[in-house]
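Residue numbers (the numbering used here), protein chains in the order written: chain S, 4 to 471; chain A, 4 to 471.
What follows is the structure, given as structure tokens:
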């Protein structure tokens with residue numbers, strides 16, 4: 004079966020090269036059910052492996068040839084080999100989180116082959132605390148962050164007693180019995196046509212057709228460098244060419260702690276997330292003697308309101324815009340940094356509200372497909388980096404989720420570093436936790452794990468500053 | 004430091020693409036020393052990781068740019084990161100050889116990034132029999148099979164009590180104390196200039212300059228299809244486009260058993276190796292209902308005699324020629340197959356003896372760089388595959404070897420499948436064992452593991468036929 008590939012997805016395929024694999028990933032941690040036996044993980048692996056029918060999304064691979072007139076199409080892999088995609092791995096002793104993150108960094112470094120469906124999943128045993136890990140990898144041409152979260156919700160169940168749940172790549176014919184209405188709706192995601200799996204494809208497809216004109220519009224209208232919409236950021240060690248090798252760091256903190264800071268200071272949870280990143284980046288760059296004099300700028304994707312969405316998305320989907328946030332990394336005081344972030348976020352949202360349709364379109368394009376746009380910006384002659392790093396916050400399931408009785412206890416996203424943007428911070432909320440996933444180029448971002456300590460210290464500092 | 008790359012190595016770099024990574028590998032199995040503690044493997048890993056000075060061979064990566072006038076040069080990686088190259092891995096339970104081969108196949112599938120030195124090594128724990136495995140991967144532009152075996156000999160010691168032995172990639176300043184004179188000579192291999200690490204580079208470099216002319220010469224002079232030098236083989240499932248994904252199978256048999264068959268039948272150990280492969284391929288292809296009516300042809304690299312070497316190698320090195328061996332896969336009787344192989348090998352050697360210098364040069368080129376030449380053959384308009392698979396037999400150390408007290412108990416080569424040649428069988432002898440390594444494209448060569456059973460059954464059948 005041959006299906007055309009939408010322009011956004013084609014963009015992700017074309018932007019890919021050996022140093023810039025265009026896949027997103029997820030690390031899920033599970034607590035085994037009570038009374039799980041010795042062979043629990045192997046049995047789980049075998050059960051998932053023997054999935055009877057694979058959903059179309061997980062069977063397709065991109066193809067282009069003279070026969071397709073040089074156009075990319077999705078083709079069904081008629082020699083599908085589940086053992087190529089789904090694997091059973093293990094950690095060396097002592098099986099700490101450190102060994103797990105090291106393995107995930109390594110798995111995230113290898114590029115998906117286009118001659119097979121663009122996904123991998125690894126069941127990982129050997130954590131000394133007895134938990135089970137699952138690393139999954141999907142090409143960005145198949146899913147964006149929001150869709151990935153929907154998929155995550157769709158394959159889990161809030162019912163700890165539900166069993167015989169199908170593998171994430173199994174074709175689903177009916178909603179799981181204990182799922183909510185929303186989950187039931189989302190269950191069939193893997194079965195819908197490829198196009199619908201991208202949340203706001205319309206906008207980016209359109210923007211992809213005229214990116215340079217769009218960016219020029221944006222650039223001309225906001226030449227003022229002090230604007231919250233500035234496309235100018237200082238040069239940092241993060242803004243270099245990257246290699247294909249990755250490091251991954253992940254940790255979670257109770258959302259309640261972030262909420263308390265927000266309440267005490269009149270800021271949002273998202274503001275606190277970015278302030279944590281700001282303090283952590285400051286400490287990290289200071290240690291390396293690489294902190295610039297002026298503030299780092301983060302590109303933060305934000306949801307657009309109904310009217311903005313209507314402008315930005317031809318299909319009326321949930322379009323995503325982008326705000327350039329001055330992180331306040333030049334400020335020594337945590338409270339000052341949080342205030343700076345809050346103000347910059349607010350300015351950015353206000354600016355989005357006052358933007359012309361074409362500007363909203365451009366900003367949405369930036370928010371939708373950040374991995375493609377720096378290339379475009381470069382093409383349009385912008386010499387300095389438009390921003391220093393991307394910080395995304397994608398909402399995930401709010402309640403405890405289970406897979407065949409195993410409790411999901413953490414879920415950490417792995418994202419896409421690109422040339423000029425060697426670090427990506429993506430957060431997902433899950434069951435009262437804010438889960439941070441930091442993905443960096445192994446060469447360009449040294450000692451990535453230290454950022455976790457800095458994030459933790461910054462959270463404590465923000466609590467102290469907020470009088471908690 | 005910048006060094007030019009020799010033409011043969013450049014050939015391997017240029018021939019590489021996503022479906023055809025050009026690296027060779029080795030799986031070494033070790034028995035831990037008596038009294039090894041719980042942390043033996045981690046300590047071994049940490050000791051090797053903290054190598055003080057890395058040898059130049061393991062620090063260089065290929066580079067080309069406008070600055071180098073588009074030519075490939077070796078550059079020293081000034082941001083060398085040992086953790087990218089040397090890794091600690093583990094097998095999932097139950098930790099059988101099956102899980103080990105699966106992991107090796109997976110590790111062998113990923114391409115080495117050119118922006119870093121072209122090697123990887125993995126210490127692998129979790130074998131249920133308590134042994135330790137080491138998978139290593141080196142780009143074919145750095146080593147050929149014979150050099151790899153010398154390197155192997157150089158990093159081991161015949162002395163079980165020797166300790167403080169450096170990692171394979173460590174710079175060596177003096178020969179290990181208990182090594183033989185030959186080993187001492189080889190110890191410094193990793194330190195010699197890059198060029199010298201290839202055994203007979205001169206010839207291939209020369210041939211690379213005029214491959215099409217050479218092949219045409221060869222082709223014209225041996226148009227007779229019944230000749231042992233025929234460059235025509237039947238089409239089989241092995242002779243298709245391949246993917247970048249690999250399967251690996253490995254097993255060893257006592258050389259004594261092969262030698263006994265040779266003695267009883269007047270054939271060589273190498274003849275018996277090829278006859279084993281012949282019977283195994285016949286059984287394998289019969290099961291798949293894919294056995295061709297005419298014999299499969301194997302390309303078998305052989306050493307040239309002194310005079311031939313002189314012709315083939317400008318530097319007088321140990322040049323390697325190639326013989327096209329009719330494997331006798333169309334014959335039902337094991338004894339007939341062995342006779343057919345023996346005759347074909349003898350014809351081939353005789354033909355090499357009677358060849359003109361230019362023909363020897365061409366056959367040597369084929370034997371030296373098989374991974375490149377099918378591309379050339381295709382370019383020269385030969386439509387049918389020149390041979391069906393490559394069977395190499397590279398001599399290794401004859402005595403028991405140790406690394407820091409761990410006994411090397413098996414050593415299995417992983418080689419390079421290429422487009423049109425989806426399976427490679429490479430054998431190495433070690434300490435009384437003939438170790439087979441079968442590397443195949445995961446998609447094109449299904450059920451690769453079955454070949455091990457077939458090889459074993461064929462050895463038994465040959466013994467019976469020889470009256471043993």
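No residue lacks a Cβ here, since even glycine has one placed at the ideal position from N, Cα and C.
It should be emphasised that the depicted structure is a prediction, and the values quoted were computed from it without experimental measurement.
Residue-chain proximity (residue i, chain A), Cβ-Cβ < 8 Å
i	result
residue 332(S)	no
residue 206(S)	In this predicted model, residue 206(S) has a pLDDT of only 38, less than 50, meaning its place in the structure is not dependable; the value taken from the coordinates is given anyway. Chain A, which has no Cβ nearer than 8 Å to the Cβ of residue 206(S), makes this no.
residue 404(S)	no
residue 103(S)	no
residue 445(S)	yes
residue 353(S)	no
residue 164(S)	no
residue 116(S)	yes
residue 99(S)	no
Straight-line gap, residue i to residue j (C-alpha atoms, nearest Å)
i	j	result
residue 101(S)	residue 109(A)	22 Å
residue 257(S)	residue 414(S)	13 Å
residue 21(A)	residue 123(S)	17 Å
residue 151(S)	residue 31(S)	13 Å
residue 306(S)	residue 352(S)	10 Å
residue 430(S)	residue 277(S)	10 Å
residue 67(S)	residue 76(S)	6 Å
residue 280(A)	residue 52(A)	39 Å
residue 120(A)	residue 63(A)	5 Å
residue 114(S)	residue 360(A)	45 Å
residue 397(A)	residue 28(A)	14 Å
residue 248(S)	residue 304(A)	36 Å
residue 399(A)	residue 33(S)	46 Å
residue 82(S)	residue 458(S)	46 Å
residue 456(A)	residue 163(S)	45 Å
residue 73(A)	residue 73(S)	29 Å
residue 462(S)	residue 264(S)	9 Å
Presumed contact (8 Å Cβ cut-off) between residue i and residue j, rounded CB distance
i	j	result
residue 442(S)	residue 241(S)	Contact doesn't hold; Cβ gap of about 12 Å is too wide.
residue 284(S)	residue 330(S)	7 Å
residue 291(S)	residue 332(S)	Incorrect: roughly 13 Å between the Cβ atoms, too far for contact.
residue 159(A)	residue 405(A)	6 Å
residue 465(S)	residue 341(S)	6 Å
residue 23(A)	residue 394(A)	Not really, about 19 Å apart at Cβ, beyond 8 Å.
residue 407(S)	residue 137(S)	Actually they do not touch by this definition, with Cβ atoms about 12 Å apart.
residue 94(A)	residue 104(A)	Actually they do not touch by this definition, with Cβ atoms about 10 Å apart.
CB contact below 8 Å: residue i versus chain S
i	result
residue 119(A)	yes
residue 40(A)	no
residue 94(A)	yes
residue 84(A)	yes
residue 113(A)	yes
residue 87(A)	yes
residue 64(A)	no
residue 91(A)	yes
residue 109(A)	yes
residue 342(A)	no
residue 464(A)	no
Residues within the stretch 121-141 of chain A neighbouring chain S, beta-carbon criterion of under 7 Å: Hits within the stretch, in order: 128, 129.
Those runs of the beta strand (DSSP E) which lie wholly inside the stretch 245-328 of chain S and span at least 3 residues: Whole beta strand (DSSP E) segments, 3+ residues: 249-257, 300-306.
Alpha helix (DSSP H) segments (min. 4 residues) lying fully within the stretch 100-188 of chain S: Restricting attention to alpha helix (DSSP H) runs no shorter than 4 residues, the stretch 100-188 of chain S encloses them at 100-112, 148-158, ordered along the chain.
Completely contained alpha helix (DSSP H) runs for the stretch 49-94 of chain A, where each covers 4 or more residues: DSSP runs (the alpha helix (DSSP H)) wholly in the stretch 49-94 of chain A: 85-88.
Members of the stretch 6-35 of chain S that neighbour chain A once the beta carbon cut-off is set at 9 Å: Under the 9 Å Cβ criterion, the stretch 6-35 of chain S contributes 21, 22.
Selection of the stretch 233-250 of chain S by Cβ proximity to chain A, strictly under 8 Å: Against chain A - using a Cβ distance shorter than 8 Å - the residues of the stretch 233-250 of chain S are 246, 247, 248.
Chain A contacts made by the stretch 407-425 of chain S, where a contact means CB separation under 7 Å: So the list is empty, because no residue satisfies the distance condition.
Chain A contacts from the stretch 449-461 of chain S (Cβ-Cβ distance under 8 Å): Those would be none; no residue qualifies.
Against chain S: residues of the stretch 45-56 of chain A by CB proximity under 9 Å: Hits within the stretch, in order: 45, 48.
Alpha helix (DSSP H) runs wholly inside the stretch 395-425 of chain A, at least 4 long, in chain order: With a minimum length of 4 residues, no continuous alpha helix (DSSP H) run stays inside the stretch 395-425 of chain A.
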